[in-house]
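Let me begin by presenting the structure, written as structure tokens, before commenting on it.
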Amino acid sequence: MGAKDLFDLTGKVAIVTGSTKGIGRAMVQGLAESGAKVVISSRKQDLCDEVAAEVAASTGQETLGLACHVGDWEGIPSFVEAVIARFGKIDVLVNNAGINPAPTTVSDMSIEYWRKMFNVNLEGPLRM
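8 is the number of the first residue of the sequence shown in this note's numbering; add one for each residue after it.
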């Protein structure tokens with residue numbers, strides 16, 4: 008039994024947030040190669056569409072590029088509804104989107120930056 012057999016995701020629907028570059032981009036590629044239909048999500052729709060087209064072309068899997076800012080609490084439900092409207096279900100969620108702390112000490116960090124970091128890294132994944 009090979010890795011493909013162990014990780015067969017045929018018929019599954021997977022969302023990866025923050026998936027237009029880096030680790031997230033690699034994850035959607037791997038999920039699609041394992042048979043999953045994948046949702047490529049990031050803040051910029053044009054990048055989502057670009058990666059969705061690349062993944063579909065290289066794997067033959069159905070993809071959906073759909074912008075979503077995970078720090079926007081009110082926008083997440085419509086994102087989830089759009090995925091379900093397209094695919095009928097969600098089987099896998101990879102909460103990959105996140106931002107790094109500012110290059111400063113906590114005592115010097117602005118409350119605005121702290122709230123942004125908290126919204127993207129904690130509240131967004133919770134809501135998703």
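The beta carbon of each residue, even a glycine, is placed where N, CA and C say it ideally should be.
key: Cross-strand partners of Ile30 (DSSP beta bridge)   = On the sequence shown, residue 30 is found 23 positions in, with the first residue counted as 1. Partner(s): none; Ile30 has no beta bridge.
request  = Measure how close the beta-carbons of Ile83 and Val90 come, nearest whole angstrom, since I'm counting them as under 8 Å.
outcome  = As a first step, residue 83 must be located in the sequence shown, where it is residue number 76. As a first step, residue 90 must be located in the sequence shown, where it is residue number 83. The beta carbons of Ile83 and Val90 sit about 11 Å from each other, so the pair does not count as a contact at 8 Å.
Local conformation of Thr66 per DSSP, three classes = Within the sequence shown, numbered from 1, the residue matching residue 66 stands at position 59. DSSP places Thr66 in the helix class (H, G or I) of the three-state scheme.
request  = Flag Thr111 as yes if its beta-carbon sits less than 8 Å from any beta-carbon of chain B, otherwise no.
outcome  = In the displayed structure, chain B is absent; only one protein chain is listed.
ask   = Would DSSP call Phe22 helix, strand or coil?
value = For the purposes of this step, residue 22 is taken as residue 15 along the sequence shown, with counting starting at 1. Strictly speaking, residue 22 in this sequence is Ile, with Phe absent from that position. Correct three-state label for Ile22: strand.
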